[in-house]
Amino acid sequence: MKERVQKIFRGLSPTPDAVVFINSAEPHIDQSFYYVFDTMSGLFEGSVAVARPDGTTDVLSSKLEEESAREAARIDPSVRISVMNQPVDRKKWVVDQLGDAKTVAANFRETTHEDFRFLETVLPKVSWADASQAIRNARMVKDATEIERLARAGAIGSKAAEAIPGLIRPGMTEIELASEIEHRMNQEGATGRSFSTIVGFGANSAEPHYSPRNVRLEKGQSIVCDFGCLHQRYASDITRSFRFAPGDAEMKKVHETVEAAQSAALAIIKAGLPGKDAHMAAQRVVDASPWKGRFIHGLGHSVGLAVHDGYGMGPNTEEPLQAGMVVTVEPGIYLPGKGGVRIEDDIVVTETGYRFLTTARREYLEVGA
Ligand code: GLY
Ligand code: MN
Ligand code: MN
Numbered sequence: 051m052k053e054r055v056q057k058i059f060r061g062l063s064p065t066p067d068a069v070v071f072i073n074s075a076e077p078h079i080d081q082s083f084y085y086v087f088d089t090m091s092g093l094f095e096g097s098v099a100v101a102r103p104d105g106t107t108d109v110l111s112s113k114l115e116e117e118s119a120r121e122a123a124r125i126d127p128s129v130r131i132s133v134m135n136q137p138v139d140r141k142k143w144v145v146d147q148l149g150d151a152k153t154v155a156a157n158f159r160e161t162t163h164e165d166f167r168f169l170e171t172v173l174p175k176v177s178w179a180d181a182s183q184a185i186r187n188a189r190m191v192k193d194a195t196e197i198e199r200l201a202r203a204g205a206i207g208s209k210a211a212e213a214i215p216g217l218i219r220p221g222m223t224e225i226e227l228a229s230e231i232e233h234r235m236n237q238e239g240a241t242g243r244s245f246s247t248i249v250g251f252g253a254n255s256a257e258p259h260y261s262p263r264n265v266r267l268e269k270g271q272s273i274v275c276d277f278g279c280l281h282q283r284y285a286s287d288i289t290r291s292f293r294f295a296p297g298d299a300e301m302k303k304v305h306e307t308v309e310a311a312q313s314a315a316l317a318i319i320k321a322g323l324p325g326k327d328a329h330m331a332a333q334r335v336v337d338a339s340p341w342k343g344r345f346i347h348g349l350g351h352s353v354g355l356a357v358h359d360g361y362g363m364g365p366n367t368e369e370p371l372q373a374g375m376v377v378t379v380e381p382g383i384y385l386p387g388k389g390g391v392r393i394e395d396d397i398v399v400t401e402t403g404y405r406f407l408t409t410a411r412r413e414y415l416e417v418g419a
């Protein structure tokens, strides 16, 4: 996409002759490939994109997604498609494209070492530069198309979150609840999940990056569900926490404290605010409560083509928020051996504040009461 390619080049000095994106095999696909080549369908294993300072991009596709590639190029006239009949054609195509180039930048952060060695070998005269930071910065502020997709992904996640109380059954396993949440998102139009769904019951809910197991839900347990979907390649990321009846006075207060921590951060979030200020607004609320020190991770991260899209908000984040960034705001309190509460929403940052992309109800709720 012309504007996106030109945005990347504006972040590169001196200007290279080209920026190259090269995919290995799934899961080693460079998501930035889809930033410059906006295709809704196709895996593009082994594909290469060569972006140039005038905003045009040459893409080498395999035959396996030829129709998807050609359809995307019909919509975007800044893209030219070539199709390789077999993987060995890739070498000739790369040499045709870049054999005369003096300096080429690559996405060092997402290119496999093997693929970079291939490029170095077939292009021995090229001097290499790292485009990672320029690509990361370009991707950080979303354009209107990206925000529309992220909003849809957020809406799908929110619908699934609203459905959770009706999905919870005594004796069900964490894996069953996770799969029902994912099924809900697919029914709403998701094309996949944006990361491995987290569902934790009881003490398991106190581990932020827990993986669901075949353990059954029992009365009086906390429940944390952290999940998200992909919509047109863009991610959402939402967490909601519940209590399976009977309730617990301490966990209700924990929940209310996490809500207050999220509200405190949201109250000051706007373009120009250093990420650490948002984090500390939430952390101060937790640290003034009986659960001081139990907010054990950063406040949030950017979301885009990847669920963790390059920016993180923690106690040391000097980098300010910018209008058009999409970030999560996800404080939590974790009590080992007992349970946890996390509330996570996706927002788009504006000049004067923010707009929610996820909307499901956040309040303390006893399910099955
Ligand atoms: N899903 C992990 C996170 O919320 O960042
Ligand atoms: Mn999450
Ligand atoms: Mn998150």
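Take our numbering: the last position of the sequence shown gets the number 419, and nothing is skipped along the way. Even for Gly, the Cβ is constructed at its ideal location relative to N, Cα and C. Note that this is a predicted model, so its numbers are computed, not measured.
Reference residue i, options the options, closest by Cα
{"i": "M46", "options": "V398, S272, I383 and G387", "result": "Any property of residue 46 remains undetermined from this structure, which presents the chain solely from 51 to 419."}
{"i": "V417", "options": "Q147, K302 and V129", "result": "K302"}
{"i": "D298", "options": "A310, P262 and S272", "result": "S272"}
{"i": "G270", "options": "L415, V129, V98 and S128", "result": "L415"}
{"i": "E76", "options": "M222, N264, F94 and V86", "result": "F94"}
{"i": "A256", "options": "L62, P386 and T378", "result": "P386"}
{"i": "G354", "options": "K388, V191, P370 and A240", "result": "V191"}
{"i": "N366", "options": "A332, S339 and G325", "result": "G325"}
{"i": "A315", "options": "G322, I214, R334 and E300", "result": "R334"}
{"i": "A151", "options": "G390, E198, V249 and V176", "result": "V176"}
{"i": "P305", "options": "I383, I231, R344 and F245", "result": "Sequence check: residue 305 is His here, not Pro. Comparing Cα-Cα distances from H305 to each of I383, I231, R344 and F245, the minimum goes to I383."}
{"i": "I197", "options": "G322, A321 and R283", "result": "R283"}
{"i": "H351", "options": "A332, V377 and A373", "result": "V377"}
{"i": "A188", "options": "D395, V55 and A179", "result": "V55"}
{"i": "S246", "options": "Q372, V138 and E232", "result": "E232"}
{"i": "D327", "options": "W341, S339, P340 and Q312", "result": "Q312"}
{"i": "V308", "options": "T195, S111, A331 and R392", "result": "R392"}
{"i": "G403", "options": "S128, A317 and R219", "result": "A317"}
{"i": "V100", "options": "I58, R124, S118 and S91", "result": "I58"}
{"i": "Y260", "options": "G250, D180, E268 and L267", "result": "G250"}
beta-carbon residue i near ligand 2 non-hydrogen atom, thresh 7 Å
{"i": "T153", "result": "no"}
Simplified DSSP assignment, three categories, for residue i
{"i": "G216", "result": "helix"}
{"i": "E416", "result": "strand"}
{"i": "V39", "result": "Because the chain in this structure spans residues 51 to 419, residue 39 falls outside the shown range and cannot be described."}
{"i": "E76", "result": "coil"}
{"i": "H281", "result": "strand"}
{"i": "Y260", "result": "coil"}
{"i": "I393", "result": "coil"}
{"i": "F8", "result": "Since the first and last residues shown for the chain are 51 and 419, residue 8 lies out of range."}
{"i": "A99", "result": "strand"}
{"i": "R293", "result": "strand"}
{"i": "T65", "result": "coil"}
{"i": "T89", "result": "coil"}
{"i": "I231", "result": "helix"}
{"i": "F470", "result": "Limits of the chain in this structure are 51 at one end and 419 at the other, which puts residue 470 out of reach."}
{"i": "V55", "result": "helix"}
{"i": "V172", "result": "helix"}
{"i": "I319", "result": "coil"}
{"i": "S272", "result": "strand"}
{"i": "F83", "result": "helix"}
{"i": "T400", "result": "coil"}
{"i": "G382", "result": "strand"}
{"i": "G242", "result": "strand"}
{"i": "F71", "result": "strand"}
heavy atom of ligand 1 below 7 Å from residue i C-beta
{"i": "D396", "result": "no"}
{"i": "T289", "result": "yes"}
{"i": "D276", "result": "yes"}
{"i": "I248", "result": "yes"}
{"i": "F245", "result": "yes"}
Residue i Cβ short of 7 Å to ligand 5 heavy atom set
{"i": "I197", "result": "Ligand 5 is not part of the structure shown, which contains ligand 1, ligand 2 and ligand 3 as its ligands."}
Closer than 8 Å to chain C by CB, residue i
{"i": "V379", "result": "Absent from the structure: chain C. Only one protein chain is present."}
* Hey, which residues come within less than 6 Å of ligand 3, measuring from Cβ to any heavy atom, in chain order? -> D287, H351, T378, E380 and E394
* Jot down the residue ranges of each uninterrupted beta strand (DSSP E) in the region 329-371, minimum 3 residues, whole runs only, in chain order. => none
* To do: Entirely within the region 176-212 and at least 3 residues each: give me those beta strand (DSSP E) ranges in chain order.
  => 177-180
* Asked: Whole alpha helix (DSSP H) runs in the region 107-163 with 4 or more residues, listed along the chain?
  -> 116-125 and 139-148
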